[in-house]
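Novice:
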Amino acid sequence: MTDPAAPLSRREFLHRGAGALALGGLPGLALPLPRLGQRTRRVIVVAFAGGVRTKEVLGTPSNVPNLMRIAKAGVTFPNVRCANVGHYGAALSIFTGNVEAMGIRDNERGVSPTLFEVLRKEVGLFANDVWLSTASGAQGRLFAHSDHRDYGAAYAAQVLDGDGIFNVEFQKVLDSLGRPRRDSDQDRAILDRLGAALDPRQLGAVTGGKPVDAAELRAVETFILDELTGNSSRLSGPGAPDAKAIRVAANVLRVFKPRVLGITLQSADVAHGSYNAYVEVIRRNDEELGRLWDLVQADPELRATTAILVLPEFGRDADLNQRNGLDHGDGSAQMLQVFLVAAGPDFARDRVVGKEVRTIDVCPTVLSLFTRTKPAHTKARVLQELFA
Amino acid sequence: MPHARQDPSPPPSRALLRRIALDVLQRTPSPREVAIALEQPVPLAVRRWLFSEEAMRAWLDEELYYFLLLDNFRPRTEGVESLPRRLAAGTATARDALTEILLSTGFSLRNPGNDTFVTVVLEQVLGLRVQERANKALLEAGKAIYDGRKGRFLDREGRSQSDLVRIAVAQEAATRLLLDRHRQRLFGGGSGPVDAGTVQRVHQEPAAFFTVLGEWLAGPEYAAALARRKTKTDTQFVRALYQDLLDRTPTYDELRNMRNALQSMADAGPLRAVLAKVMLDSGKAQLPELRPGAEDAFVRECFLRYLARAPGQEELPRFVQELGKGARALHVVRALLGSPEYQVY
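Taken in sequence, the protein lines are chains C and U. If you read the first sequence in the working numbering, its first letter stands for residue 1, the second for the next number, and so on. If you read the second sequence in the working numbering, its first letter stands for residue 1001, the second for the next number, and so on.
#1: Is U/LYS1143 closer than 8 Å to U/ASP1115 when the C-beta atoms are compared?
#2: Which of helix, strand or coil does DSSP assign to C/GLY262?
#3: Out of U/ASP1195, U/ARG1229 and U/PRO1250, state which residue places its alpha-carbon closest to the alpha-carbon of C/LEU203.
#4: So, with DSSP's three-state summary, where would you put U/LEU1330?
#5: Which value, in whole angstroms, describes the spacing of the CA atoms of C/ASN128 and C/PHE256?
#6: Does C/GLN334 come within less than 8 Å of chain U when only Cβ atoms are used?
#7: Along the chain, where does the alpha helix (DSSP H) containing C/ASP187 start, and where does it finish?
#8: Roughly how many angstroms separate the alpha carbons of U/PRO1029 and C/LEU369, rounded to a whole number?
#9: Please report how far the alpha carbon of U/GLY1197 lies from the alpha carbon of U/ALA1168, in whole angstroms.
#10: Run the CB neighbour count on U/ASP1023, radius 10 Å, all protein chains shown included, and call it buried at 16 or more, exposed below.
#11: Locate the alpha helix (DSSP H) running through C/SER133, then write down its first and last residues.
#12: Going by other Cβ atoms of all chains shown within 10 Å of its Cβ, with 16 needed for buried, is C/ASN391 buried or exposed?
#13: If we ignore side chains and look at the alpha-carbon of each, how far apart do C/HIS87 and C/GLY51 end up?
#14: Which stretch, first to last residue, makes up the beta strand (DSSP E) that contains C/VAL159?
#15: Using 10 angstroms around the beta-carbon of C/ALA49, count the other beta-carbons present and answer buried if the total reaches 16, otherwise exposed.
#16: Which residue or residues does DSSP assign as beta-bridge partners of U/GLY1106?
#17: Beta carbon of C/THR371, beta carbon of C/VAL123: below 8 Å?
#18: Is C/ASN79 near C/LYS355, with beta carbons less than 8 Å apart?
#19: Which residue wins for smallest C-alpha separation from C/VAL45, given the options C/PRO258, C/MET102 and C/ASN321?
#20: Does the distance from the CB of U/PHE1319 to the CB of U/ARG1272 come in under 8 Å?
#21: Exposed or buried, U/ARG1076, counting other C-beta atoms within 10 Å across all chains shown (16 or more means buried)?
#22: Name, in chain order, the residues that DSSP records as bridge partners for C/GLN337.
#23: Sorted by chain position, which residues of the same chain lie with C-beta nearer than 7 Å to C/GLN38's C-beta, five sequence neighbours on each side aside?
#24: Please state if the CB of U/LEU1245 and the CB of U/LEU1280 are separated by a distance shorter than 8 Å.
#25: Please go through the same chain and pick out, in chain order, the residues whose beta-carbon is closer than 7 Å to the beta-carbon of U/ALA1285, but skip the five residues on each side of it.
#26: Taking U/GLN1343 as the reference, which of U/LYS1232, U/VAL1202 and U/THR1119 has the closest Cα?
#27: Using a Cβ-Cβ cutoff of 7 Å, what residues of the stretch 1149-1182 of chain U are near chain C? List them in chain order.
#28: Is it true that the stretch 1101-1112 of chain U meets the stretch 1052-1068 of chain U, where meeting means three or more beta-carbon pairs spaced less than 8 Å apart?
#29: Run the CB neighbour count on C/SER396, radius 10 Å, all protein chains shown included, and call it buried at 16 or more, exposed below.
#30: If you measure between the beta carbons of U/LEU1016 and U/LEU1226, is that distance less than 8 Å?
#31: Can you give the Cα-Cα distance for U/LEU1109 and C/ASP269, rounded to whole angstroms?
#32: When DSSP labels each residue in this structure, what does C/ALA380 get in the three-state scheme?
#33: When you compare only the Cα positions, how much space is there between U/ALA1045 and U/LEU1213?
#34: Determine, using beta carbons only, whether C/VAL75 and C/LEU386 come nearer to each other than 8 Å.
#35: Name, in chain order, the residues that DSSP records as bridge partners for U/GLU1157.
#36: Please go through the same chain and pick out, in chain order, the residues whose beta-carbon is closer than 6 Å to the beta-carbon of C/ALA156, but skip the five residues on each side of it.
Structure follows, in structure tokens:
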């Protein structure tokens, strides 16, 4: 057992959740928050996105038996307000705590800092403490950080788009060139010496003076090489990008045990052309979520410290379109009212909260698990009803 | 031993050539191309590269990427496929290219339904925000025309998806956004908007678009911007890696698959290092020759080829020393390709 009087390393100090109070100078208003997140040390936020109605989820429990298990172990909010600002903007809003009116094909980053950046900067989390596994294609990696001048790339999450890297096509490229061999200790020593021989002034002009953490880079490189030869690459079929995102997230959780793990899904948008495929995606994603939940429950440390929050970015139209699919733009309650399911060591169990909340409330709620300082950039509120 | 404190050398002309090649061809120049271009005035090198079919293909790929027409959504029509050849020959303009792209099946599939289609046209072609109240009526007018109903859109009459695209692309705002996007690409975010005279010139004469790009690339402002390094995009990185190590450009599939993989990470640095290692370990890489007794020439050649600069006074002896202590050519090349300096240009 750890001696409570023993001096703490910086990392351990921060892990105990006390760091933010001591850091000082935080841009925000200190609120008299209740005792939030005393046991929670890790949070998984799943943007069950692509446009998913409550009707096919909470309204049809047989589609999502695993999510219902999580709901039973936690809190369900069936009345969550969202904004119709396109998939990208709406999913981004979950992570920033602001309604982000981004273009639906925007290839630009948002302007509000994401919770990843806030946690890295204000709470001092390291790069490998904050991960995002996405199925959102080219836009997915834009969630990693904003263009906010006080945050940005220096505080980004590590992002992996499972479908971008672990796919059959990329495997073929690797196969055509041959598998790389493992570096020997001598190789690494030579490379380290050659790297150190490069003019630091030239490197400084490139990195802006920021030191390069070679060990961290090597850890990620090794993870990538291991994943490239693993099972994630072989997932296929409808909804495979989402399934890969959740599978990769589970591997990240196992290897790095990050403090914050975001997962953004997208495949449900197949609904534009096929209602049946949409339901199939929901069922498959639920299955993968179940695996993730079981992974957490099977590891005593993760079970005692990990919270999970699952919500869509918005819903879909009330009525089918001419292709027997579902678009998203009618402004109906099914479009603008979604759900949130959350479970974790500090949350209530088997509770349903009927009061209207918002998707953007997730961001300050997650932040409240790590710091008592409310960030200045969001007007959203902490979901107090969540806590036991 | 600590490095002597001195400012980095001023960028040599081969650094400028590399910048131009990466901006225009989306790859590093080959040693032979560099040798030729070093003997020419800059405007000539710019012309030679910019008006090539390869450059036009690279430009088209950038445009398709801007509209997120990737993978299954990439237009495969003859009209789009032939654009690089027609652009290089001067028989098509950038405005023609935009029109072809927006009228392609890939664009329709990528942006299904009237709301999405018109929103993307307004946002990506004209730079408007559809969430703004002032643009709501415009969105509705566009949707009606998309659906085949006769109506007015941006003060022009139309009744089809095709009319909608042609009206939008012909707007001066479309020309301005196109120029602004490419100026930002070449000069970086702080370059400011394109002046009204240039916008008018290209709007009146669409064929002048690439001429304007050439004037920018050969001008003093572009050379001065060399002091601010730019990070290679994933496309530039992959194409440069193929050029530098395999002495060829990647096929479309090779590029797409590697780029998609790189785009899967916010910080692609570790994966870029993995790709460089894969290529070096493949045994197919064509590296500068390392001859016994000529280690310093090898190191110098590697620095020039991969970093577009000569090794510094401290760097050269240390690299040569490592070669004498067991480092191989692969180690030297991998150290340079894995350096943050190789990620920029």
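Where is the CB? At the ideal position from N, CA and C, for every residue including glycine. These numbers were taken from a predicted model, which means no experiment stands behind them.
Specialist: According to the data block:
#1: yes
#2: strand
#3: U/ARG1229
#4: helix
#5: 7 Å
#6: no
#7: 185-197
#8: 51 Å
#9: 21 Å
#10: buried
#11: From DSSP, C/SER133 is part of no alpha helix (DSSP H) but of the beta strand (DSSP E) over 130-134.
#12: In this structure chain C extends from 1 to 388, so residue 391 of chain C is not present and cannot be described.
#13: 7 Å
#14: 158-161
#15: buried
#16: U/GLY1106 pairs with nothing; no bridge assigned.
#17: yes
#18: yes
#19: C/PRO258
#20: no
#21: exposed
#22: C/ARG81
#23: ASP346
#24: yes
#25: LEU1245, LEU1246 and MET1279
#26: U/LYS1232
#27: none
#28: yes
#29: Residue 396 of chain C lies beyond the range of chain C shown here (1 to 388); nothing can be said about it.
#30: yes
#31: 13 Å
#32: coil
#33: 13 Å
#34: yes
#35: U/ARG1152
#36: ALA144 and HIS145
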